[in-house]
Each structure stands twice: as structure tokens, then as C-alpha cells.
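Enquirer:
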Amino acid sequence: TIFQVIGLITAEWAALGEHGLFLAFLTGCKQLSNIFTMPVSGTICSTSLGWPWVFYVHAIVSTVLFALWLLIYRNSPEQHGLVSEQEMERIRRGKADKKGREPVPYRRILTDYRIWTAWLSAFANLLYVQLISQYEPIYFKDYLQYNIFSSGFLSAVPIIAQFCAKLFAGISSDYLTCLTHTVNVKIYNTLGLIVSG
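Residue numbering for the sequence shown follows the working numbering, beginning at 2 and increasing consecutively.
Have a look at this one:
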């Protein structure tokens, strides 16, 4: 998953005042994939191709996107040939110079109850979202009697709303400069988990 590198990508590529929006787009991969998957899968299953082609289409799209990622992405703007000096200045403005890396305090991380609380809440949220995205089309088809095509499109509606809410939260968090970064993260993380629950 992309979650392991989100912090690194944001620190390297986002300007200081755009971290919230940047994080919203980066973590929106789950919503964007489902916004694509639900209607496309419903459409394919409604044709003579049948459900096996759902896997083929997704494999092709995933391969193309992965190839584009390999061609375009670089670990830092300095390594990317298409980043202009003006863009580089905008990204670097206000950021501290890189210093030597200190060792990661794994023991402190693994024994901190706040870290465990964040991990458990994220796990519960991801489990909830995964279960909803898997069983929502079945609910629409079997219990509400929609056809497969409609079930696919209807299943994408809450995910589109979630993605829009995430973008709004990302943009608004960048403008809340009256709060410390820590308080800002706590507020938006709590709201995100409560609303999605």
C-alpha cells in the first residue's frame, strides 16, 4: 500500500501550506480505486464478457498505472527533470535544511499507547471501509433488487462523497493556521473516524 511512503512523499514534494491537500489526494487512492472499480465492474458483469473480465481489466489498468508511476515518480524534486527552478523554490520555501538522520526510536514507538490507539483506530476504519466496499454491491443487488449495472454505480456514490469530504478536509486543514499542527491532526483524524463510523 501507499500508506508507508505518504509522509516521505509529502515532506519532499508538498509546499508547506499544501500538506493537507497533498495528504488528501495521496490517501484518496482507496476512494479513487473504488470510484473506478464499482461502476466498471458492474458494467463489465452486465455484458457478455462476464465477471472474469473484471479481473483482466483491473490487471491491465494496474499495470499501466504502475508503469506510469515508475516512469514519472522520483524520490525528490531535485531528481526530477521536469521540475522548474520556480517550482523547486515554491516546494522548498520555509522548510528546514536536511540534517543527518537520527536513529528511529522503535522501542518508544512500539510501547506508546497513543501510537497503538492510532493504529487500532486506523485498522478499525480500514476494516469498516473494506467490508462496506465489498458487501454494498451485494446488498443493493440481493436485498434492494437493483440490477448488477445499477448496483455498481450506486456503490460508488458514498465513496465519491467520502473522497469529496476528504478533499474538503485537506484544503480546510491547510487554512487552519491558528491551531498547532498536532491539534489540527487530532481534530481531523477524530472527525474522520467518527463521521465514517
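Using N, Cα and C, we set each Cβ at its ideal position, and we do this for glycine too.
Values in this document were obtained by computation on a predicted structure and should not be read as measured data.
Rounded to a whole number of angstroms, what is the C-alpha to C-alpha distance between I73 and V84?
Expert: Rounded to the nearest angstrom, the two C-alpha atoms are 11 Å apart.
Enquirer: When the Cα of R91 is compared with those of Q131, E13, I195 and G171, which residue comes out closest?
Expert: That would be E13, whose Cα lies nearest to the Cα of R91.
Enquirer: Give the C-beta separation of G171 and L22 to the nearest angstrom, bearing in mind that I take them to be a contact with Cβ-Cβ under 8 Å.
Expert: Indeed they touch by this definition, with Cβ atoms about 4 Å apart.
Enquirer: Can you find the residues in the same chain that come closer than 7 Å, C-beta to C-beta, to D143, ignoring five residues on each side of it along the sequence?
Expert: Hits under 7 Å: none found.
Enquirer: In whole angstroms, what separates the C-alpha of L121 from that of Y129?
Expert: Rounded to the nearest angstrom, the two C-alpha atoms are 12 Å apart.
Enquirer: Where does W54 sit, in a helix, a strand or coil, going by DSSP?
Expert: Three-state DSSP puts W54 in a helix.
Enquirer: Three-state secondary structure (DSSP) at L180?
Expert: Coil at L180, not helix or strand.
Enquirer: To the nearest angstrom, report how far apart L155 and L27 are at their CA atoms.
Expert: Distance between the alpha carbons of L155 and L27: 24 Å.
Enquirer: List the whole-angstrom C-beta distance separating G153 from S63, where the pair is believed to meet the contact cut-off of C-beta under 8 Å.
Expert: That pair is no contact at about 18 Å.
Enquirer: Going by DSSP in three states, Y74 sits in which element: helix, strand or coil?
Expert: Correct three-state label for Y74: coil.
Enquirer: Taking buried to mean at least 16 other C-beta atoms within 10 Å of its own C-beta, is S49 buried or exposed?
Expert: Exposed, because fewer than 16 other Cβ atoms sit within 10 Å of the Cβ of S49.
Enquirer: Measuring straight from C-alpha to C-alpha, what distance separates C179 and N185?
Expert: Those two C-alpha atoms are separated by around 9 Å.
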